[in-house]
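In my numbering, the protein residues as written are 44 to 525.
Positions of the beta carbon are idealized from the N, C-alpha and C atoms, including for glycine.
First the structure, in the form of structure tokens, and then the observations on it.
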Amino acid sequence: MLWDAFIQRLADWLYLHDALGRGRGWTIGVSGGPDSLIMLHALTALNERDGLGWRLTVAHLDHAMRADAEADASFVAAEADRLGLDAIIERLDLPPGSALSEDAARAARYEFFERVALTTDSEFVAVAHHADDNAETVLHRICRGTGLRGLSGMPARRALRPHSRVTIIRPLLWARRAEVEAICADRGLTPRNDATNQTGQFTRGRIRNTVMPLLAEHINPQIREAILRLAEQARWVDQHLEEAAARTYDALMISERPGLIALHITGLRRKPRIIQAQVVRRAVAALAGADVDLSFSHFDAALRIVEGGSGKETHLPGSVVVRRVYDRLEFRLHEETADAQSLEPTIIAMPGVTPLPSLTGRLRVDVVDVAEDLIAELRANARPNEEWLDLSRIRPPLVLRGRRDGERFWPLGAPGSKTINDFFSDEKVAPELRARVGVLCDQEGPIWVIPLRIDERVKLRPTTTRALRLRLENHLDGPAPA
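Take a look at the structure:
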């Protein structure tokens, strides 16, 4: 009975989200954990129960980050075989002993899912986020700083990336973690368990295992339900504002073509500020995709252009430039990030020299013992394109990649963290230089926005005894001195 009711609730949810049609192709992302295992069995059972004729393919990416990774892959392959489904399993090719950050692993996973979906002609990629994951995501966004769209939580479905024909869908977004685990036990399923989910290794794990329990114990025992209610109400308001903004957007449209949108600025100025912000979001989404993450500071900068004089401009995430040209507000897609944001993740040798063709150079990394009385001298006498970091503050491996919209770091000497794009704006970094900026990360996040600034977290301190010297050689500004 428990299983039958679960399958029916899944069918109802899919119907509400226009995903119950017959003959569709599904790529099902399966890690082997309880959430993805139940999703796999439930979608298979629903397909058989209702004769939907779905083409189901199991996809599993071995991130090569855990000792049990090969066993996880074998388990997923066996489950797919037991259900009579094809499985596509791939292993990331990483150097021995290295690993990806949480964000890099997610990016690799979604890129793999899209390739599988396109190969198998799948309309959907199903991922197993549930209601508890959604609550934790909203809390995470609140802590980092978010707006109404971020408060709305995970979307039930969205394009996998801007302009992709593959849709990410979350069939278990209505279910609770305890319910999923109970059904696993009821069905006699023995999922794999990722030990990192129970530790503080990643931010989401800390929120799940430390922050949420503390809030439940000391503030509100129903904290997850409260956050989910907030997310639902935020989604209602956001949808209402989006509809109003759509009408305004259409009414004020002067020109819309690839790479350029122009709106009547006088009519926009008469609208409430919240509608103005939604119109800005809509224009950015039309040019750069709906996933572009706009913060309060981005909206504020754009709306200052609305109120300012002709010739003013600001740069937004997604390579969008907002400019006032007399009575027009123009949004242009600037091709400044063709190099930087398309950088393939590269594992950096530590120590060693790693070629970086995309940055027309190479990165030399040395481990150096330092004395306390030399630290100030090292800081003061660093060469161009050279930085010194506290080795004890770094969590290998080091990965060089392109920057991501909305990504934050704490610039050395700044009072706190900010997005990389806000850093560019504050430092008045020219668009042509932004195109040549890469991001060096460890498992905690960015440590050097190359070649501009390191993160406060990894700076040399009086207590530093071992340092990491990073030198970008033969860069666009010329070779570093020998």
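Test item: CB-CB of E429 and R514 under 9 Å: yes
Under the three-state DSSP convention, the category G248 falls into: helix
Test item: CB-CB of L306 and R375 under 9 Å: no
F49 at chain D interface by Cβ criterion, 9 Å: The chain inventory of the structure shown lacks chain D, comprising one protein chain alone.
7 Å Cβ shell around I250 - same chain, five flanking residues per side excluded: E179, L182 and H183
Helix, strand or coil at V480 [DSSP, three-state]: coil
Three-way DSSP call (helix, strand, coil) for S117 in this model: Reduced to three states, the DSSP call for S117 is helix.
Pair within 9 Å by beta-carbon distance, L86 and R65: no
Ranges of the alpha helix (DSSP H) found wholly within the region 318-356, counting only runs of at least 4: 339-350
Inter-residue Cα distance where the pair is D129 and G248: Put simply, the backbone Cα of D129 is about 31 Å away from that of G248.
L191 versus V482 - alpha carbon distance: 28 Å
Burial state of P494, where buried means 16 or more other Cβ atoms lie within 10 Å: buried
Nearest candidate by alpha-carbon position, reference K355, set D115, D485 and L346: L346
A462 and S298 closer than 9 Å at C-beta: Here residue 462 turns out to be Thr, not Ala, going by the sequence shown. No, they are not a contact pair.
Buried versus exposed, by CB contacts within 10 Å (16 or more), E157: Classification of E157: buried, given that the 10 Å Cβ count is 16 or more.
Coil, strand or helix - G404 by DSSP: strand
DSSP-derived helix/strand/coil call for I497: Here I497 sits in strand by DSSP.
Nonlocal neighbours in the same chain, by C-beta distance under 7 Å from S207, ignoring five residues either side: E157
Buried versus exposed call for D343 [16 or more other C-beta atoms within 10 Å across all chains shown]: exposed
Straight-line gap, G332 to Q321 (C-alpha atoms, nearest Å): 14 Å
Range of the contiguous alpha helix (DSSP H) that encloses W431: Counting along the chain, W431 falls outside any alpha helix (DSSP H), though it belongs to the beta strand (DSSP E) covering E429 to D433.
Coarse secondary structure for D55, derived from DSSP in three states: helix
Inter-residue spacing [alpha-carbon to alpha-carbon] between G361 and L203: 16 Å
As assigned by DSSP and simplified to three states, the class of I297: strand
Contacting residues, own chain, Cβ-Cβ under 6 Å from K502 (five flanking each side not counted): L455
From A259, A274 and L126, residue whose alpha carbon lies closest to that of L216: For L216, the nearest C-alpha among the options comes from A274.
Whole-Å CB distance - P398 paired with R407, under 8 Å assumed: P398 to R407, Cβ: 11 Å. No contact.
Own chain partners of I317 with C-beta closer than 7 Å, once the 5 adjacent residues on each side are dropped: Taken in chain order, the residues that qualify are L284.
Reduced DSSP category for R514 - H, G, I as helix; E, B as strand; rest coil: strand
Within 9 Å, strictly: CB atoms of F155 and R235: no
Bridge partners - T389, DSSP secondary structure assignment: L443
For L503, three-class secondary structure by DSSP: Collapsing the DSSP output to three states places L503 in coil.
For R208, the first and last residue of its enclosing alpha helix (DSSP H): That residue, R208, is in no alpha helix (DSSP H); it is neither H nor E in DSSP.
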